[in-house]
Amino acid sequence: MKLTVLGSGSPEAYARRASSGYLLETGKDTILFDCGGGVFDNLLRSGRRPSDITHLFFSHLHSDHMMDYARLVHAAWDEGAPPLKVFGPAPIARITQGYFGPDGVLSHDLRARTELVPSQEVWKARGGTLPRPWPAPEVTEISPGFRHNGDGWTLSSCAVPHAQPVLDCMAFAVEAAGRKFVYSGDAGPCNALEQLCAKADLLLHWCYRLDGEGAHPMMVPLTPTPSDIARMARKAEVGRLLVTHFRIHMDQPDRHGAAVEAMRSEFGADCAIVEDLDTYEV
Ligand SMILES: [Zn+2]
């Protein structure tokens, strides 16, 4: 498997880091985990096309994990790609209809592109045929514990504490060819995540708060620090630890350096804070 980081940031507007998005390639499939703002452009910068994505999994539906969803679906449709397979917690079906349904916010655009003769001619000139159907991603609403058998890979999931009860939030593990990749989503520490991480070859874990950084008492148990994450990863016998979802203040050189040191002292050398467009073999 190969991991490409398409968005290592947070909801904060930040040129260095797009919001959450991670590409995992395994066999013939290209799986995208989350699709936050800026992920679409980084997908193009990484040399791939929207139509290359075969599966999209949403860990949860905070905006910084789905703001580029409509753009990805629309662009893949415009390339003539087969319908994208989309998996995410409710209400992803309603959100999809809200964009692409008959009365969706993009319905005027889609009517213009599919009904006006000049647009039809552009479509035909690119090899398309008429009538031109609207984008119709294959949406499956999933709950924590969802499992999926892909072509040579399996996905499993668990609930992680983050934005309940408003949002279902989950972590994912993908196993292929004897290797295991885990993506935490946005996750507070919990036994289920620790079990999902057991003996993972690569764990990609969010981080929203640094060691020694204060937070609201309700926020503290939901936002593990680099030390907390590294301790959990070591206990779970993870092979390599990557930390992501970094915010602007966390990238100040002294703070960034201290976070790496804290992780190394708990976990060992094979850990890092990722940057956009980094790639890793799993
Ligand atoms: Zn979130």
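Each residue of the sequence shown is one higher than the one before, starting from 1 at the first, in the UniProt record's numbering. Backbone N, C-alpha and C define an ideal beta-carbon position, used for all residues, glycine too.
Nearest-angstrom Cα separation, counted from residue j out to residue i
{"i": "N149", "j": "V220", "result": "36 Å"}
{"i": "G214", "j": "L106", "result": "42 Å"}
{"i": "G185", "j": "P118", "result": "43 Å"}
{"i": "Q97", "j": "G104", "result": "6 Å"}
{"i": "L242", "j": "H62", "result": "21 Å"}
{"i": "V260", "j": "A159", "result": "27 Å"}
{"i": "A136", "j": "G37", "result": "21 Å"}
{"i": "P189", "j": "T114", "result": "48 Å"}
{"i": "P161", "j": "A187", "result": "6 Å"}
{"i": "residue 299", "j": "Y22", "result": "Absent from the model: residue 299. The displayed extent of the chain is 1 to 282, so no value can be given."}
{"i": "A163", "j": "C169", "result": "7 Å"}
{"i": "S156", "j": "L116", "result": "44 Å"}
{"i": "P131", "j": "D29", "result": "29 Å"}
{"i": "A262", "j": "T225", "result": "9 Å"}
{"i": "D211", "j": "D201", "result": "25 Å"}
{"i": "A18", "j": "L32", "result": "14 Å"}
{"i": "A75", "j": "W123", "result": "13 Å"}
Cross-strand partners of residue i (DSSP beta bridge)
{"i": "G88", "result": "E141"}
{"i": "C271", "result": "L241"}
{"i": "W206", "result": "T244"}
{"i": "I31", "result": "L24 and H55"}
{"i": "M170", "result": "A159"}
Buried/exposed call for residue i, threshold 16 Cβ in 10 Å
{"i": "R111", "result": "exposed"}
{"i": "V166", "result": "exposed"}
{"i": "S143", "result": "exposed"}
{"i": "R16", "result": "exposed"}
{"i": "D151", "result": "exposed"}
{"i": "T223", "result": "buried"}
{"i": "N191", "result": "exposed"}
{"i": "T279", "result": "exposed"}
{"i": "M218", "result": "exposed"}
{"i": "P82", "result": "exposed"}
{"i": "T244", "result": "buried"}
{"i": "G7", "result": "buried"}
{"i": "S265", "result": "exposed"}
Among the options, the one whose alpha carbon lies nearest that of residue i
{"i": "L24", "options": "Y183, R132 and V160", "result": "Y183"}
{"i": "M232", "options": "E194, P11 and A90", "result": "E194"}
{"i": "T4", "options": "S51, R126, V39 and S156", "result": "V39"}
{"i": "D64", "options": "P50, I92, V73 and D34", "result": "D34"}
{"i": "H249", "options": "G101, P11, E281 and G127", "result": "P11"}
{"i": "D251", "options": "R234, H216 and Y208", "result": "Y208"}
{"i": "T154", "options": "F267, H55, R49 and R48", "result": "H55"}
Run the Cβ filter for me: residues under 5 Å from any heavy atom of ligand 1, listed in the order they occur in the chain. H62 and D186
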